[in-house]
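Below: one structure, written as structure tokens.
There are 4 protein chains.
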Amino acid sequence: MSFNTFGRVFRFTTWGESHGPAIGAVVDGCPPGLGLSEDDIQPWLDRRRPGQSRFTTQRREPDAVRILSGVFEGLTTGAPISLVIDNVDARTKDYGESAPPYRPGHADYAYDMKYGHRDWRGGGRASARETAMRVAAGAVARLVVPEVTIRGYLVELGGDRIDGFDADEIGRNPFFCPDAAAAARWEGLVDAARKAGSSLGAVAECVATGVPAGWGAPVYGKLDADLAAAGMSINAVKGVEIGAGFGAARLSGEENGDAMRPSPHGGAPEFLSNHAGGVAGGISTGQPVVVRIAFKPTSSILTPVETIDAAGNAAEAVTKGRHDPCVGIRGVPVLEAMVALVLADHKLLHRAQCG
Amino acid sequence: MSFNTFGRVFRFTTWGESHGPAIGAVVDGCPPGLGLSEDDIQPWLDRRRPGQSRFTTQRREPDAVRILSGVFEGLTTGAPISLVIDNVDARTKDYGESAPPYRPGHADYAYDMKYGHRDWRGGGRASARETAMRVAAGAVARLVVPEVTIRGYLVELGGDRIDGFDADEIGRNPFFCPDAAAAARWEGLVDAARKAGSSLGAVAECVATGVPAGWGAPVYGKLDADLAAAGMSINAVKGVEIGAGFGAARLSGEENGDAMRPSPHGGAPEFLSNHAGGVAGGISTGQPVVVRIAFKPTSSILTPVETIDAAGNAAEAVTKGRHDPCVGIRGVPVLEAMVALVLADHKLLHRAQCG
Amino acid sequence: MSFNTFGRVFRFTTWGESHGPAIGAVVDGCPPGLGLSEDDIQPWLDRRRPGQSRFTTQRREPDAVRILSGVFEGLTTGAPISLVIDNVDARTKDYGESAPPYRPGHADYAYDMKYGHRDWRGGGRASARETAMRVAAGAVARLVVPEVTIRGYLVELGGDRIDGFDADEIGRNPFFCPDAAAAARWEGLVDAARKAGSSLGAVAECVATGVPAGWGAPVYGKLDADLAAAGMSINAVKGVEIGAGFGAARLSGEENGDAMRPSPHGGAPEFLSNHAGGVAGGISTGQPVVVRIAFKPTSSILTPVETIDAAGNAAEAVTKGRHDPCVGIRGVPVLEAMVALVLADHKLLHRAQCG
Amino acid sequence: MSFNTFGRVFRFTTWGESHGPAIGAVVDGCPPGLGLSEDDIQPWLDRRRPGQSRFTTQRREPDAVRILSGVFEGLTTGAPISLVIDNVDARTKDYGESAPPYRPGHADYAYDMKYGHRDWRGGGRASARETAMRVAAGAVARLVVPEVTIRGYLVELGGDRIDGFDADEIGRNPFFCPDAAAAARWEGLVDAARKAGSSLGAVAECVATGVPAGWGAPVYGKLDADLAAAGMSINAVKGVEIGAGFGAARLSGEENGDAMRPSPHGGAPEFLSNHAGGVAGGISTGQPVVVRIAFKPTSSILTPVETIDAAGNAAEAVTKGRHDPCVGIRGVPVLEAMVALVLADHKLLHRAQCG
């Protein structure tokens with residue numbers, strides 16, 4: 004909806020800063036009677052947790068989630084679900100005692116221009132730490148759409164694209180990479196970036212299978228428009244595609260249409276291709292829903308950058324703190340969570356209008 | 004908010020089908036005291052109007068807008084503004100007397116799966132005719148943000164990209180193309196597609212200059228997330244980029260950061276680049292806001308396509324009616340309108356919270 | 004949601020001024036497949052239509068509604084339903100050529116303080132003419148909740164309360180009065196007020212039977228809170244009660260609780276009373292939902308009233324135009340419509356969350 | 004907005020059950036730069052805190068609020084403000100080990116009908132304990148409208164109405180009663196009810212002075228409609244009035260209109276009366292905003308009541324736990340908070356649209 008809430012019927016609100024005492028989310032509108040405990044959420048958080056390989060930030064956060072409301076006798080009650088994670092390893096001293104110069108590429112300057120005041124420790128509210136709560140809320144959303152399987156992975160890192168796809172590979176490397184050969188190459192790329200104090204961008208893809216035809220809505224509550232907002236709301240994301248995405252702009256109408264034929268097995272028709280990415284006219288078609296997002300390289304780099312300070316004077320931005328050389332890696336579980344959250348909302352919206 | 008309404012404080016709701024008696028929009032939350040008459044809206048509609056060159060559909064709609072409420076003595080009153088356009092050239096007979104087979108790549112199948120019933124004449128509610136009302140509402144939005152200049156154009160058509168940029172060229176060719184040489188090439192491309200009954204995709208870009216730093220908001224009301232939803236909600240759009248977009252994923256952190264320095268003229272700082280596309284952390288930076296969207300080639304092509312009918316039987320989709328060989332062309336004014344609508348909403352939201 | 008839209012999932016937006024060319028509503032989120040034509044709406048409008056007896060305003064509006072979208076082959080399609088009524092008998096000349104002094108008790112002054120500009124002809128946007136569109140939208144809402152019977156009536160007029168209740172009487176007198184004796188007395192009261200150029204207040208009650216237990220929601224989407232907002236949003240309403248209302252504050256806990264026992268017929272339990280008015284904790288109990296609203300006497304009276312003009316100078320407000328001596332009478336169909344609209348929304352919201 | 008969130012621009016979401024580990028609120032959309040610490044909130048909570056006199060429940064909750072986000076260096080940052088209160092004295096054993104029979108007059112039955120499952124300990128989510136978070140959020144809202152003074156009090160308890168009004172008295176008795184004589188009488192009434200295990204209703208009034216003319220909006224975002232929703236959303240409330248309320252229905256138009264004259268001191272005009280309660284056409288007039296709500300007597304009484312259990316069998320409801328003999332008393336700070344929350348939202352909404 005607005006500001007720090009996302010969703011229409013199935014909604015969540017997040018709060019908390021990178022270096023405050025805790026971060027949290029309130030999930031509202033959740034159907035009652037779903038089995039839910041911390042054990043349903045923690046594994047998803049663990050996938051996103053920092054410090055699990057040398058390729059992500061060395062900040063050590065256990066990210067242990069607690070459920071403070073909305074569950075009774077192991078089942079959701081329909082009341083709002085409050086989820087909290089304590090910040091454990093928030094070394095404020097990494098950030099000095101006063102606001103550092105604006106870090107170009109970060110939100111520092113924009114926040115100050117908007118609010119005239121901000122929590123500058125570790126990015127404050129703009130820190131990607133907030134995305135932990137998306138993953139937590141997304142774990143609840145998954146319970147709302149058990150018919151859907153959601154799988155995210157990186158298809159490109161530092162401009163190096165995968166050549167093959169083996170779903171089993173995704174969990175075997177620290178990059179959520181479905182191509183073993185690419186994963187091996189990416190080790191070298193990320194190591195080099197990390198050692199140089201540089202950073203790399205990435206492209207993540209997420210496929211949701213099992214979405215029935217009919218979720219979504221014209222004209223401004225389109226499933227793909229909501230997925231676009233969800234994807235673009237993730238820190239460092241600069242582009243979103245559905246299905247063939249920008250590639251569709253280079254196809255002819257003959258190439259791009261997804262022809263249909265009756266299924267030999269009855270039931271839903273067979274589609275001969277999926278350029279649409281499972282969404283037509285803002286409504287799911289029953290094909291896999293395919294979303295792709297582009298992460299920029301983080302601006303937290305060792306090379307000093309020309310900038311200004313809050314007084315408007317010339318200054319240099321020098322990165323301290325512990326950072327991810329490629330934020331896109333840990334962005335994969337976040338993308339999955341956002342897709343789950345959008346789908347849960349649209350499932351409920353669909354049955355609201357259509358029974 | 005949802006379904007057929009867009010925006011939070013400055014909102015608009017559209018209604019109407021391609022072949023119904025009329026289409027309309029209700030613009031709500033508009034500030035009072037703005038000079039507004041049909042003359043402020045009609046020129047923008049005329050830019051989108053079909054039938055103006057051989058490169059767009061030959062449907063002849065004058066698209067004459069009427070204001071039915073919300074304006075008194077030439078000024079907006081703060082009450083909802085009702086805008087209506089009568090459908091004049093809606094040849095229902097082009098569409099036969101019963102629902103044709105589902106047209107692959109169109110929303111026919113998805114709508115039927117959702118609603119079990121749809122107005123199939125000319126795409127009904129899913130028709131791009133709805134975008135006329137976005138342009139009308141966008142004309143009102145422009146009055147809310149007079150400090151902003153919004154300019155859209157095509158940067159790519161049928162996979163052929165512009166080489167140069169001359170803003171003055173945009174109005175001189177039927178493609179909103181800022182490169183005369185490319186425009187000349189595109190004539191050939193579109194003519195060929197039109198004659199072959201085929202269709203082409205395109206990429207449009209829109210730049211908003213004059214947006215002050217501070218519009219937008221973390222975390223789910225981000226300016227770029229709203230622009231992404233706005234862009235993706237336009238018919239036939241499959242991708243949205245802000246600033247460097249997917250290209251950012253191929254840059255290093257050193258290349259991508261937009262360094263700042265004090266302006267020699269005082270005031271807002273000087274940015275040395277604009278990979279961010281004018282948005283950081285969901286908030287405008289004062290740089291030009293840059294949005295890019297990809298249009299797929301329309302599925303309305305002469306070549307029959309394998310499909311099914313509503314009974315699930317194998318069928319062929321054969322396009323009748325009058326169609327655009329490249330919907331991206333007339334999409335340019337629509338993109339501009341959506342950008343204006345998002346910016347107007349965020350201007351008002353910003354002053355709500357920050358005074 | 005806000006300003007000129009009401010509802011969350013089943014929503015409607017109204018537009019138009021008393022003396023503009025037309026008024027209208029857009030109903031969004033309506034389930035598909037409902038049989039709908041103007042004939043489903045017009046009878047409800049006719050109940051509210053002015054000029055039907057000497058006890059209401061003599062403005063002669065046929066209030067003929069047209070459906071401009073959202074219906075195909077006689078069925079709702081799930082797309083927004085645009086409803087329009089042309090203003091036929093809008094005698095602007097009754098209102099002179101410039102803004103008259105602020106009429107105390109009307110919204111004139113408040114509107115000018117807010118907007119600095121307003122359509123002062125006949126109350127403009129603040130005119131109760133807007134309520135025609137509530138009745139039209141409410142007629143659509145009734146189709147969404149066919150299991151519910153909604154009946155409104157006046158229980159008090161000019162301080163004179165009914166003594167008996169006979170549902171069949173409601174349609175037999177011009178006051179929607181369920182008590183023939185009271186109706187006879189009210190004739191005298193209203194005639195006297197009309198002749199004196201005075202006005203009277205009234206209390207209307209609306210009972211919705213057939214609402215199943217379970218609609219509504221804690222804590223801020225409560226069914227009774229939405230009914231309160233709906234009721235208070237009607238022009239001239241100054242109070243809302245659910246069930247025993249203010250009277251409950253004078254009961255003891257023993258008197259007020261609605262004891263339950265198993266029904267001898269099985270199924271839903273039997274309640275021994277209904278002080279709750281069918282809502283507990285914001286959720287329907289299965290008992291009849293009972294809402295009561297108080298209409299103030301309109302401030303459009305013949306006696307000149309001390310006031311100021313827009314320049315702040317002392318002035319006299321003198322009522323011209325044609326007015327209802329008791330706006331509460333024609334408020335009955337409006338209350339019914341608002342109750343239908345709230346219930347339709349909550350039915351859909353309930354199945355969104357709870358299936 | 005919906006379910007557990009209230010407000011449009013200035014919004015808050017509450018979570019938590021009576022006997023869970025904690026309750027909380029997230030306040031979103033708060034302007035930046037406001038001085039805020041726990042000390043700004045705690046005093047308001049203390050006014051509502053149970054166990055302060057023999058006239059309220061003996062549950063002993065310190066209700067110590069913690070701010071977990073949204074404040075940095077003592078100032079609000081514009082980010083969401085997370086407020087948490089731990090539940091300390093939640094004696095679950097008072098409630099046994101399994102769901103007791105439905106308590107008539109409480110939300111037990113309605114919740115089960117909606118959700119099929121509920122936290123029945125102490126009312127769970129339906130407990131008035133949730134209102135502590137309204138008071139906490141309301142304390143933040145007060146900072147947003149420093150120009151407004153909000154004062155609530157009881158005007159009636161157990162059917163016994165105040166005769167005089169002395170603002171200084173309000174803080175001198177445990178009933179927020181502005182009439183010392185009435186307060187003395189009420190001691191007897193409440194003592195008697197408490198000893199009898201009975202309960203009493205009450206009517207609270209809240210006056211907000213300093214609200215400038217122009218807040219609010221037609222037609223569905225009316226200030227009074229939002230106040231009505233806010234009031235009716237408070238536990239045990241069954242009626243809401245603005246200004247003269249139901250009494251207005253018994254006045255003539257001549258009596259009810261609030262005549263105006265130029266102020267001898269310049270500036271805003273002088274009103275000769277305030278039957279409107281400071282709101283006309285949904286917009287504030289500059290006069291004091293007057294809201295009145297009716298609390299029913301709580302159904303938690305010692306006398307066993309005929310009811311059914313979850314299996315549908317006949318049963319008796321016997322109240323255990325510690326309860327307020329008159330929930331209206333502690334409802335006064337809650338009403339004040341809700342009025343503050345509505346006004347803060349409307350102040351921001353007003354400047355959004357009107358600058």
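One line per chain: the protein sequences are V, H, A and D, in this order.
Residue numbering for the first sequence follows this note's numbering, beginning at 4 and increasing consecutively.
Residue numbering for the second sequence follows this note's numbering, beginning at 4 and increasing consecutively.
Residue numbering for the third sequence follows this note's numbering, beginning at 4 and increasing consecutively.
Residue numbering for the fourth sequence follows this note's numbering, beginning at 4 and increasing consecutively.
By construction, the Cβ of each residue, glycine as well, lies at the ideal position given by its N, Cα and C atoms.
Source: prediction; values computed, not measured.
Judged by beta-carbon spacing, Pro291 (chain V) lies beyond the 8 Å limit of Ala170 (chain V), meaning their Cβ atoms are not closer than that value.
Taking 7 Å as the cut-off between beta carbons, the residues of the stretch 10 to 40 of chain A near chain V are Val12, Gly32, Pro34, Pro35, in sequence order. Residues of the stretch 340 to 355 of chain D with a C-beta less than 8 Å from any C-beta of chain H: Leu351, Leu352, Arg354, Ala355, listed in chain order. Annotation for Leu37 (chain A): Thr79, Leu146 place their beta carbon closer than 6 Å to its own, counting only its chain and skipping 5 residues before and after. When C-beta atoms of the stretch 172 to 184 of chain H are compared with those of the stretch 231 to 243 of chain H, fewer than three pairs fall below 8 Å, so the two segments do not count as touching.
Positions of the alpha helix (DSSP H) runs, each at least 4 residues long and wholly inside the stretch 182 to 215 of chain V, are given as 183 to 198 in order along the chain. A distance below 8 Å between beta-carbons, with the five flanking residues on each side excluded, links Gln356 (chain H) to the following residues of its chain, in chain order: Ala220. With contacts defined as CB atoms closer than 8 Å, Phe15 (chain V) and Leu344 (chain V) qualify as a contacting pair. Residue pairing of Thr301 (chain A) in beta bridges, as defined by DSSP: absent, with no partner found. Here the alpha carbon of Pro149 (chain H) sits roughly 27 Å from the alpha carbon of Trp18 (chain H). Classified as exposed, Asp194 (chain A) has fewer than 16 neighbouring CB atoms from the shown chains inside 10 Å of its CB. DSSP places Gly27 (chain D) in the strand class (E or B) of the three-state scheme. Within chain D, no C-beta atom comes nearer than 9 Å to that of Thr59 (chain A); the closest sits roughly 15 Å away.
One Cα belongs to Ile245 (chain H), the other to Asn7 (chain V), and the distance between them is close to 21 Å.
Straight across, the Cα-Cα distance linking Gly358 (chain H) with Asp166 (chain H) is about 43 Å. Leaving aside the five residues that flank Gly141 (chain D) on each side, the residues in its chain whose CB is nearer than 6 Å to its CB run, in chain order, Ala340, Ala343, Leu344. Note that the C-beta distance between Tyr105 (chain V) and Met263 (chain H) is below 8 Å. Annotation for Asp111 (chain A): the continuous alpha helix (DSSP H) segment containing it runs 111 to 118. Between the stretch 247 to 262 of chain A and the stretch 199 to 209 of chain D, the count of C-beta pairs closer than 8 Å reaches three or more; the two stretches touch. Residue D:Leu71 holds the alpha-carbon nearest to the alpha-carbon of Ala28 (chain D) among D:Leu71, D:Ala231, D:Pro65. In the structure shown, Glu273 (chain V) falls within a strand segment according to DSSP collapsed to helix, strand and coil. The straight-line gap separating the alpha-carbon atoms of Arg295 (chain H) and Arg295 (chain V) is approximately 15 Å. In the DSSP assignment, Thr134 (chain H) falls within the unbroken alpha helix (DSSP H) covering 134 to 147. In the structure shown, Arg106 (chain A) falls within a coil segment according to DSSP collapsed to helix, strand and coil. At least 8 Å separates the beta-carbon of Ala196 (chain H) from that of Pro34 (chain H).
The beta carbon of Gly285 (chain D) sits no closer than 8 Å to any beta carbon of chain H. For Leu78 (chain V), the neighbours in chain D by C-beta distance under 8 Å run, in chain order, His120. Excluding the 5 residues flanking it on each side, Ser40 (chain A) has same chain C-beta neighbours closer than 8 Å at Ile70, Val74, Gly77, in chain order. Annotation: Cβ neighbours of Ala82 (chain D) in chain H (cutoff 8 Å, chain order): Pro221. Cβ contact annotation for Gly285 (chain D) (same chain, cutoff 8 Å, sequence separation greater than five): Gly219, Ala220, Pro221, Val222, Gly224, Lys225, Leu226, Asp227, Ala228, in chain order. Taken atom to atom, the span from the alpha-carbon of Arg121 (chain H) to that of Pro83 (chain A) is near 12 Å. Neighbourhood of Gly73 (chain H) in chain A, by CB distance below 9 Å: Trp18, Gly19, Glu20, Gly23, Asp122, Arg128, in chain order. If you look at Leu86 (chain H), you'll find it isn't in any alpha helix (DSSP H); it sits in the beta strand (DSSP E) that goes 84 to 89.
According to DSSP, residue pairing for Ile296 (chain D) in a beta bridge involves D:Ala207, D:Val243.
The C-beta of Val30 (chain A) has 16 or more other C-beta atoms within 10 Å across all chains shown, which makes the residue buried. Distance from the Cα of Tyr112 (chain V) is smallest, within the candidate group V:Thr310, V:Gly270, V:Val321, for V:Thr310.
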